[in-house]
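What follows is a set of notes on a single structure, which appears directly below.
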Amino acid sequence: MPPRVTILGLGYIGLPTAALLASRGLRVQGVDTNPAVRAQLAAGRAHIAEPEVEALLERGLRTGLLSLHETPPPAEVFLLAVPTPLGPDRAPVLEHVFAAARAIAPALAEDNLVLIESTSPIGTTARVAELLRALRPDLGALHLAYGPERVLPGRIMTELVENDRVAGGLTPEATRRAVAFYRHFVRGAVLGTDAATAEMVKLAENAFRDVNIAFANELSLIAEARGLDVWRVIALANRHPRVNILRPGPGVGGHCIAVDPWFLAAAAPEAARLIPAARAVDAAKRAHVIARAAALAEAGERLICLGLAFKADVEDLRESPALAITAALAQRFPGQVVAVDPHLAAPPEGLGAPLVALEEAFAAPGAVLVLTDHAAFARIPRAWLAGRALIDTRGLFREEESG
Ligand SMILES: NC(=O)c1ccc[n+]([C@@H]2O[C@H](COP(=O)([O-])OP(=O)(O)OC[C@H]3O[C@@H](n4cnc5c(N)ncnc54)[C@H](O)[C@@H]3O)[C@@H](O)[C@H]2O)c1
């Protein structure tokens, strides 16, 4: 008999996981504290823009394998995919995880498996276990494990299945059960370890990308100071068989890579030197882009800011440096800044600049600031750029060299 699964938090992670498990024949009970989310999902409409999710949601509801709940029903497996944001003091906020743990406590039974998928500081699974034992001292065996998620938005349904997966239990038995659970739907390898290691693995992955991008951004500042093309430098350096430098830009965005490194640094602040330095390089790169654009604006240039999303071809504005840079310039130079982002229907709150179509932005003179490498921008006729100052943080318009 496949296990019943109760999933708490039906967002970017919980909803695709719920829909996928239901499509594999498991009985899935989705729980979200937000009534608007539940109402929309109950109508068969996904509240996240992610390919395939809505079709599987609709099928799950129709077959009855997927149901929606306000409070957690009993199950064999409980999966927590609730938010873990960063507090104003850069400390991880775990209140949603603890609230979810308190919510499942009454529904728990002997031998249940509790899986945490929320990105969490080292030691969180052990803290949740402590809380559950305090709330349910009557239960003997309860198995807790941490199963970090490493999917790429836009490809979540594919990567949920194809990616290798780490599953770390608080005990060897919890690890064994967590690995067995993930094998229901993961085609990649499922790698068992202990819970704290799994927690650190997730944070190490995102901190690695943050440090590497900070390095690329530092290279971009050095190359600019020496009049060199950083993209060319990186392309040639990456021909070394053991070098893989990521791409520079206006700074790192999204709610993972810009956030998770702080979770890792918080684990041992006295040991973490490189991680805060990478975050500082990121802030310095944003400030540098603003300073260069401000110099043009001070000379009377109108500024055309291309892109507000944090990366190419998505509408996601979370922690977006493009949005922060445009808003900072708009505040300093009112009436001189326009923003273009074909993935957005309306200007985000607080932008302080009009959101206009490409043609309108280029209808008048103005300097061009490339902040997001949307495919639509790569198609801009080069003639439109002639005679304009250009700050291209993404290397979108650089001339390719052969070879
Ligand atoms: N989005 C990603 O690509 C990604 C990738 C890896 C890890 N993560 C991590 O996964 C976790 C969830 O992220 P997400 O992007 O799915 O978040 P999200 O904001 O899209 O969704 C979270 C959902 O949880 C609900 N919720 C909040 N508290 C709840 C509670 N106590 N009980 C039930 N539901 C509750 C919210 O209403 C919301 O619908 C975070 O820790 C995040 O860092 C996300």
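Its first residue numbered 0, the sequence shown is counted upward by one per residue in numbering that gives the first Met the number 0. Backbone N, C-alpha and C fix where the C-beta goes; we use that ideal spot for every residue, glycine too. Since we're looking at a predicted model, the values are computed, not measured.
Measure the alpha-carbon distance for residue i versus residue j and round it to whole angstroms.
i    : j    : result
G248 : E223 : 13 Å
A188 : D163 : 5 Å
A35  : R231 : 49 Å
P341 : R186 : 36 Å
A18  : V339 : 35 Å
N205 : T196 : 15 Å
E399 : A100 : 53 Å
I155 : E297 : 44 Å
G402 : A234 : Confidence in G402 is poor, its pLDDT being 48 and thus under 50, which makes the residue's placement unreliable; the coordinate value appears in the next sentence. Each residue's alpha carbon lies about 10 Å from the other.
I212 : L343 : 26 Å
R246 : A293 : 24 Å
L159 : G334 : 45 Å
D391 : A203 : 30 Å
Q28  : A45  : 16 Å
L20  : L143 : 20 Å
L389 : A283 : 20 Å
T118 : F207 : 15 Å
E318 : A102 : 30 Å
G386 : L368 : 14 Å
E358 : I324 : 22 Å
P380 : H254 : 33 Å
P84  : L93  : 8 Å
L395 : A375 : 11 Å
A321 : A286 : 12 Å
R238 : S219 : 18 Å
R182 : L307 : 39 Å
E209 : D137 : It should be pointed out that residue 209 corresponds to Asp in this sequence rather than to Glu. About 44 Å.
R397 : A377 : 10 Å
G299 : F332 : 10 Å
N33  : P240 : 49 Å
A362 : V127 : 57 Å
A345 : E314 : 11 Å
Can you tell me whether residue i is buried or exposed, with buried defined as 16 or more other CB within 10 angstroms of its CB?
i    : result
D312 : exposed
I221 : exposed
N216 : buried
Q330 : exposed
M0   : exposed
L151 : exposed
L79  : buried
V52  : buried
D259 : buried
E109 : exposed
A356 : exposed
E116 : buried
P71  : buried
A166 : buried
Tell whether a beta-carbon distance below 8 Å holds between residue i and residue j.
i    : j    : result
L302 : G252 : no
L131 : F180 : no
I274 : A327 : no
V30  : L14  : no
V200 : P147 : yes
A42  : A125 : no
A236 : V242 : yes
A98  : V4   : no
F184 : R26  : no
P67  : L40  : Sequence inspection shows Leu at residue 67; the Pro mentioned does not correspond to that position. The answer is yes: Cβ separation under 8 Å.
L112 : A177 : yes
V337 : P347 : no
Y422 : E198 : Nothing about residue 422 can be read from this structure; the chain reaches only from 0 to 402.
P2   : V96  : no
L370 : C304 : yes
Cβ of residue i versus every heavy atom of ligand 1: is any distance shorter than 7 Å?
i    : result
H95  : yes
S117 : yes
P152 : yes
V339 : no
L78  : no
C304 : no
P260 : no
A99  : yes
D110 : no
G8   : yes
E148 : yes
T83  : yes
I12  : yes
T32  : yes
A18  : no
A144 : no
V36  : yes
Spell out whether any CB of chain D is found under 8 Å from the CB atom of residue i.
i    : result
A266 : In the structure shown, chain D does not exist; there is a single protein chain.
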